[in-house]
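Visitor:
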Amino acid sequence: MQNAPFVRRRTILGAASLAASVTGAALVAGCGADEPSTEAKTGGTLRAAFAGSGADEVLDPHRVNLFADAARAKAMFDKLADLGTDMAAVPRLAESWEADPDLTVWTVKLRKATFHDGGPVRAADVLYSYRRIADPEETFRARSDLAPIDLEASRAVDDTTVEFVLNYPLAEFPNALAAFGAYIVPEGAEDFTSPIGSGPFTFASFEPGREFTAERFADYWDGPALLDRVQIVVADEESARVNALLGGQVEYAHDLSATTARANEGNDAVGLVASPGSNMLGFAMKTDRAPFDDVRVRQAMFLLADRAELVESVLSGRGQIGNDLFGLGFEHYADAIPQREKDLEAAKALFAEAGVETITIDTADVGSGLVEAAQIFAEQIRAAGVAVELNERNADAYWSEVLTEGQIASYRSGAMPIASHISQRLLTDSPTNLTQWHHADFDEQYLQLQSTADDADRQALYDAIQQRLHDEGGYLVWGFADWIIGTLPGVHGVEQAPANTLEWARFDKVWMD
Amino acid sequence: MLAYAARRTGLGFVQVLAVAVLAFALVELLPGDAAVALAGDQPDPAAIERIRERMHLDQPALVRLADWIGGLVTGDLGASLVSGRPVADILGAALQPTLVLAVSTLVLLLPLSIGLGVAAARRRGRWPDRLITTATVGLYSVPEFALAVLLVSVFAIGLAWLPPTAVGVPSLLAEPLVLVLPLAVLLARPICSIARLVRAGMIEALGSEYVAHVRRAGVAERRVVFAHALPNALTPATAQIARTVDWLLGGVIVVESVFVIPGLGTALVDAVNARDLPVVQGIAVVFGVTTVAVNLLADLVAFRLAPRMEVAR
Chain G
0 MQNAPFVRRR
10 TILGAASLAA
20 SVTGAALVAG
30 CGADEPSTEA
40 KTGGTLRAAF
50 AGSGADEVLD
60 PHRVNLFADA
70 ARAKAMFDKL
80 ADLGTDMAAV
90 PRLAESWEAD
100 PDLTVWTVKL
110 RKATFHDGGP
120 VRAADVLYSY
130 RRIADPEETF
140 RARSDLAPID
150 LEASRAVDDT
160 TVEFVLNYPL
170 AEFPNALAAF
180 GAYIVPEGAE
190 DFTSPIGSGP
200 FTFASFEPGR
210 EFTAERFADY
220 WDGPALLDRV
230 QIVVADEESA
240 RVNALLGGQV
250 EYAHDLSATT
260 ARANEGNDAV
270 GLVASPGSNM
280 LGFAMKTDRA
290 PFDDVRVRQA
300 MFLLADRAEL
310 VESVLSGRGQ
320 IGNDLFGLGF
330 EHYADAIPQR
340 EKDLEAAKAL
350 FAEAGVETIT
360 IDTADVGSGL
370 VEAAQIFAEQ
380 IRAAGVAVEL
390 NERNADAYWS
400 EVLTEGQIAS
410 YRSGAMPIAS
420 HISQRLLTDS
430 PTNLTQWHHA
440 DFDEQYLQLQ
450 STADDADRQA
460 LYDAIQQRLH
470 DEGGYLVWGF
480 ADWIIGTLPG
490 VHGVEQAPAN
500 TLEWARFDKV
510 WMD
Chain Z
0 MLAYAARRTG
10 LGFVQVLAVA
20 VLAFALVELL
30 PGDAAVALAG
40 DQPDPAAIER
50 IRERMHLDQP
60 ALVRLADWIG
70 GLVTGDLGAS
80 LVSGRPVADI
90 LGAALQPTLV
100 LAVSTLVLLL
110 PLSIGLGVAA
120 ARRRGRWPDR
130 LITTATVGLY
140 SVPEFALAVL
150 LVSVFAIGLA
160 WLPPTAVGVP
170 SLLAEPLVLV
180 LPLAVLLARP
190 ICSIARLVRA
200 GMIEALGSEY
210 VAHVRRAGVA
220 ERRVVFAHAL
230 PNALTPATAQ
240 IARTVDWLLG
250 GVIVVESVFV
260 IPGLGTALVD
270 AVNARDLPVV
280 QGIAVVFGVT
290 TVAVNLLADL
300 VAFRLAPRME
310 VAR
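Encoded structure:
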C-alpha cells in the first residue's frame, strides 16, 4: 500500500558538510521558533531548498521519487485523499467516501474543483489517472498501492461520483487514495513539460536539477494560496541548504540534520520546525535464518538495546525512543504496550541458551546516522558477550541487497499508515518483506483486520498484531527521528508534519511578512 | 608539427573510446544497476524487473555497449536511462557552468600566478620572495573543501558580503557575485603550484648563459625578463597548467557541491549514483576529449615556447 519513500541524497562530502555545520554554528550561535502570527499576509515568493536528483528530474506527478518531486507535484496537483499528521486519510479531491457492508465496493464523491485550464475535475479524470498508474507496461510507484482496485470493474457513476470495485475487502481503502504519487491528472494527459493540475499553484518554469517555479492558482478549491509564487530550488548537500538559508538565499530549507538543529538552537536568524516521529530507525532481523530464526536471539537483541544512548548519540537527542513497533503517534499504534527496558543480564542469558557467538550487521550510508547507529549498536551487542562484525555495503544497491541477503540490517522508514507498513513488509507475499516474516496465521489476522468495518473491533486486531510483533517480530525499532525544516524569520504557517503527509511542504498555507 | 598533431589526434580518438569503455566496465562492476538504484528503499523485486525491462537492462552488457558505440559513431550519445532525456542535452546543461568556472579561473590564474612567480624570482631571497614562497606553501596545503567552508562561513554567513551558494541562480554569468567564492577556492592551489614552478624556471633562466649574454648586449632588463627569460621559464609550468585546465574542465565536485553549481562533476556523481550508464559514458567521452585536447595543446605550446626542446612522443 502507501509508499512513503525516504530517498535521501547521500552526502558526497561527509567531512565537508560536517565541517560546514560546525563552522556555521561557531559563527552564528543560537534559534527562534515561529512566533504565532497576527494576521496572514498575501503575496511574495517563497524559495525552498530541497535535495534533488539532477538532470533526471521530471514533472510527471506519477513518477515522483524524491521529496523534491513530491513537493513539486503537491504544488500543482491533488490526490483524492492525503494523510493527516497521524496517518489517517483526509479527504481532498474526494469529498466523501462510503463502503458497502462487505468493504469491497467504495463510492467516492468528488468535490467541485477545477484544473488550471478551467476544466472541472471529473470522475473520468480520476479513472484515467489511476489506470495510467496501474498500467502493467509502466513502472509508476503508486501502482502497488492501487493494486487492490479492479479498475476494469470500477466506473464513473456520474461526473462527480466514482465507484471503486476492489479485489478483496479493505477497511483502510482510503489510504490507497492517499498513496504517494496517486495524483489526479486531466484525462489524456501524457506530456508533463508544462503540466496542468488542480493544485494550489500553476506551472511557471522548470529546469531539472536546478529550479521549479509555480504561481498562485486563483480558483483553487481549498482557497487560493497566500503566496504569489513558490520556487523550489535544488541543493543536494545539507550544508549547502543550511548556508543558503543562513545567507538569505532561500526562506525554507528542507531536511536538516540533527547536528545543524542543535547548532542553531537559539539562533534568531533561523526558525526550526521539527516534526516528531517522522522517521523510524532500527534494525531488521531476518527471522527465517540463523541466528535470528531463534526467537530467543531476537528477544535478546530487543533487551540489550540501549535506546536512550542511540537517540542521544545518533540523533543528538532530537527524537524519541522506540518500542520495537512502527508508527509511534500514528492512528492505530498500540501505545498500551509497555516500553521495553534494557536488561543486559536477561539478554546474556538468552544468547547463552541459544548459543550465539557472532552476529554480522549490514549497514550503509543510506540515511543520516545509519552507519553511526550500527557502530554504537555493535558495541552494545559486544557488551552482551557476542562478537559483532559490521559489513558496510554500497549505498546504491543496499536496499535491494539486504532484502534477501545477510542476517540483520540497518533499517529506516518514513511515515506511512501502520496498515501499509504491515501490507508492504510483513505479509508472506509482501514486496519488501525484509525480516522474512512468513506466517500464514499472521496474514490471516491482517486479512481479518481489513475485513472488519467496526472501528473498535479493528483496533483490537491492530493491538493483537502489534503485541505479537513486539514480542517476537524482526524489527528492532530503537527510535524515531524528528523531521527538521529550517525557515527564515517572517515565514509563517509551516506546520509540524512528517514528510509526505498533507501538511508537509504545504506551501499554499504558508505566508511571509 | 602538423603531422605530429594529426597523429596525436588520431591516438586521442582511440584513447577517448578506451576511457568510455572502461567507464562502462567500471559502472557494470558496481553492485546494483539503474533499476536497483531507482527502486531505492522500495526494492520490490517485481517492480525492479519491470524497470529493468523498460530500460532494456535485460539485454547483455556487451550488446548494450555495442549499441552505444554504434550510436557514438553516428554522433548519437544516447538517452538517459532514468529520465529519457538525450545525453547531449544533459551534457550541454552541465558543461555550461563548468566552462564558465574554468574560463574565469584561467583568466585570473595565468596572469596572477605567472606575475607572482616572476616577482618572486626577480627578488630572490629578499622579503617579497620569502612572503610569496611562504604564502604559496601555506595556501597549497589547505584542501579545497576546508577553504570553501571557511570562506563561506566568514564572507557569506559571518560578514554577509557575498552569496554563500549559487542555488537557484539561472546562470552563473547573470549573477557574477556568486562566482567570487568558488573562484577563490579554485584559484588557491593552482596559483601556488604554478607560481612556484614559474619562480623556479625563472631563477634558472635568469642565471643562464644566454640571459647573461643578452644582458651583456645591453638589452633593457624588462625585456630580458619578459622576452627572453620568461618563455623558457614557462616551459616547465605548461604541463602543470594543462593539468589544472583538465582538472577545471572535469568539474571540481567539491566546489560544485559546496556552492550548489550543477556542473559536470555533479552530473557525474548523479549519473554514477543512478547507474545511468549512457550519461556516465557521455561524461567519460567529454573528459577524454578534454584531457587529450588539453595535453596536445600544452605540448604544442611548450614546443612553440622552446622550439629546441624535443616534443615528447
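If you read the protein sequences in the order shown, they are chains G and Z. Numbering (numbering that gives the first Met the number 0) for the first sequence: 0 to 512. Numbering (numbering that gives the first Met the number 0) for the second sequence: 0 to 312. Ideal Cβ positions, reconstructed from N, Cα and C, are used throughout, including at glycine. Keep in mind it's a predicted model, so treat the numbers as computed, not measured.
Rounded to a whole number of angstroms, what is the C-alpha to C-alpha distance between residue 84 of chain Z and residue 94 of chain G?
Guide: Approximately 38 Å between the Cα atoms of the pair.
Visitor: Inspect the beta-carbon positions of residue 45 of chain Z and residue 100 of chain G and report whether they are closer than 8 Å.
Guide: Contact flag unset, no.
Visitor: Tell me whether the beta-carbon of residue 151 of chain Z lies closer than 8 Å to the beta-carbon of residue 257 of chain Z.
Guide: Cβ atoms of residue 151 of chain Z and residue 257 of chain Z: closer than 8 Å.
Visitor: Which bits of chain G does residue 79 of chain Z rub up against, with CB to CB less than 8 Å?
Guide: Here the neighbours are 54, 55.
Visitor: Sort G/255, G/226, G/227, G/473 by Cα distance to residue 234 of chain G and report the nearest one.
Guide: For the residues G/255, G/226, G/227, G/473, the minimum Cα distance to residue 234 of chain G belongs to G/255.
Visitor: Taking 8 Å as the CB-CB limit, is residue 188 of chain Z close to chain G?
Guide: No, no contact with chain G.
Visitor: Any beta-carbon of chain G closer than 8 Å to the one on residue 39 of chain Z?
Guide: Output row for residue 39 of chain Z: interface = yes.
Visitor: I need the boundaries of the alpha helix (DSSP H) containing residue 362 of chain G, first residue and last residue.
Guide: No alpha helix (DSSP H) holds residue 362 of chain G; the beta strand (DSSP E) holding it covers 357-362.
Visitor: What are the residues in the stretch 204-216 of chain G lying within 8 Å of chain Z by C-beta distance?
Guide: Of all residues in the stretch 204-216 of chain G, 206, 207, 208, 209, 210 have a Cβ within less than 8 Å of some Cβ in chain Z.
Visitor: Per the DSSP calculation, residue 202 of chain G is bridged to which residue(s)?
Guide: The partner list for residue 202 of chain G (beta bridge, DSSP) reads G/213.
Visitor: What residues are listed by DSSP as bridge partners for residue 78 of chain G?
Guide: Bridge partners of residue 78 of chain G: G/182.
Visitor: Helix, strand or coil for residue 7 of chain Z? Go by DSSP, reduced to three states.
Guide: In this structure, residue 7 of chain Z counts as helix in the three-state DSSP scheme.
Visitor: Please list, in chain order, the residues of the stretch 149-164 of chain Z that have any C-beta partner in chain G closer than 8 Å.
Guide: The residues in question are 149, 151, 152, 153, 155, 156, 157, 159, 162, 163, 164.
Visitor: Across the stretch 125-140 of chain Z and the stretch 188-207 of chain G, are there enough close Cβ pairs to call them in contact, namely three or more that are closer than 8 Å?
Guide: At 8 Å Cβ cutoff, the stretches do not touch.
Visitor: Could you name each continuous alpha helix (DSSP H) segment of 4 residues or more that falls completely within the stretch 440-509 of chain G, going from the start of the chain to the end?
Guide: List check, alpha helix (DSSP H) in window: 454-471.
Visitor: Any chance the stretch 38-49 of chain G sits against the stretch 226-242 of chain G, with 3 or more Cβ pairs inside 8 Å?
Guide: Output reads yes: the stretch 226-242 of chain G touches the stretch 38-49 of chain G.
Visitor: Return the Cβ separation of residue 194 of chain Z and residue 115 of chain Z in integer angstroms, given the expectation that the two are a contact with Cβ distance under 8 Å.
Guide: Between residue 115 of chain Z and residue 194 of chain Z the Cβ distance is about 4 Å, and since that is below 8 Å, they are a contact.
Visitor: Would the stretch 264-271 of chain Z count as touching the stretch 234-252 of chain Z if we require 3 or more Cβ pairs under 8 Å?
Guide: Segments in contact, yes.
Visitor: Output yes if chain Z places a C-beta closer than 8 Å to the C-beta of residue 22 of chain G; else output no.
Guide: Per-residue confidence for residue 22 of chain G stands at a pLDDT of 39, beneath the threshold of 50, marking its modelled position as unreliable; no derived number is given.
Visitor: Measuring CA to CA, which of G/351, G/414, G/409 is closest to residue 383 of chain G?
Guide: Checked all of G/351, G/414, G/409; the closest Cα to residue 383 of chain G is G/351.
Visitor: What's the C-alpha gap between residue 29 of chain Z and residue 15 of chain Z?
Guide: Rounded to the nearest angstrom, the two C-alpha atoms are 21 Å apart.
Visitor: Thinking C-beta only, is residue 174 of chain G closer than 8 Å to residue 399 of chain G?
Guide: Contact: no.
Visitor: Checking contacts by CB at 8 Å: is residue 219 of chain Z closer than that to chain G?
Guide: No, its Cβ sits nowhere closer than 8 Å to a Cβ of chain G.
Visitor: What are the uninterrupted segments assigned as beta strand (DSSP E) that are 3 or more residues long and contained completely in the stretch 308-357 of chain G, given in chain order?
Guide: Segments of the beta strand (DSSP E) lying fully in the stretch 308-357 of chain G: 318-320.
Visitor: Please report the straight-line C-alpha distance between residue 22 of chain G and residue 149 of chain Z, rounded to a whole angstrom.
Guide: Below a pLDDT of 50, predicted positions are generally treated as unreliable, and residue 22 of chain G, at 39, falls in that range; the measurement from the model is reported next regardless. Using only the alpha carbons, I get a separation of about 7 Å.
Visitor: What residues in the stretch 243-261 of chain G have a beta carbon less than 7 Å from any beta carbon of chain Z?
Guide: The residues in question are 243, 245, 246, 248, 249.
Visitor: From the DSSP output, read off the bridge partner residues of residue 90 of chain G.
Guide: Looking at the DSSP assignment, residue 90 of chain G forms a beta bridge with G/80.
Visitor: Let me know the secondary structure DSSP gives residue 27 of chain G once reduced to three states.
Guide: Reliability of the predicted coordinates at residue 27 of chain G is poor, the pLDDT of 36 falling under 50, and the value obtained from them is presented with this limitation in mind. Note: residue 27 of chain G maps to coil in three-state DSSP.
Visitor: Among G/68, G/440, G/39, which has the Cα closest to the Cα of residue 253 of chain G?
Guide: Checking every option, the nearest Cα to that of residue 253 of chain G belongs to G/68.
Visitor: Helix or strand or just coil, what does DSSP make of residue 174 of chain G?
Guide: Helix at residue 174 of chain G.
Visitor: Quick check on residue 284 of chain G: does DSSP put it in helix, strand or coil?
Guide: Strand.
Visitor: Got a sec? Which residues, its chain only, sit under 7 Å from residue 280 of chain Z by beta carbon, not counting five neighbours each side?
Guide: Answer for residue 280 of chain Z: 19, 22, 23, 67, listed in chain order.
Visitor: Spell out a yes or no on whether the stretch 348-364 of chain G and the stretch 447-467 of chain G are touching, meaning 3 or more CB-CB pairs, one atom from each, closer than 8 Å.
Guide: Contact fails: fewer than three Cβ-Cβ distances are below 8 Å.
Visitor: Taking the beta carbon of residue 367 of chain G as the centre, do at least 16 other beta carbons fall within 10 Å, making it buried, or is it exposed?
Guide: Counting Cβ neighbours within 10 Å, residue 367 of chain G comes out buried, since at least 16 surround it.
Visitor: Take every Cβ of the stretch 76-92 of chain Z, pair it with every Cβ of the stretch 271-288 of chain Z, and state whether three or more of those distances are shorter than 8 Å.
Guide: Result yes; three or more Cβ-Cβ pairs closer than 8 Å.
Visitor: Kindly list, in the order they appear in chain G, the residues whose Cβ is closer than 7 Å to that of residue 94 of chain Z.
Guide: Going along chain G, no residue has its Cβ under 7 Å from residue 94 of chain Z, so there is no contact; the nearest lies around 12 Å.
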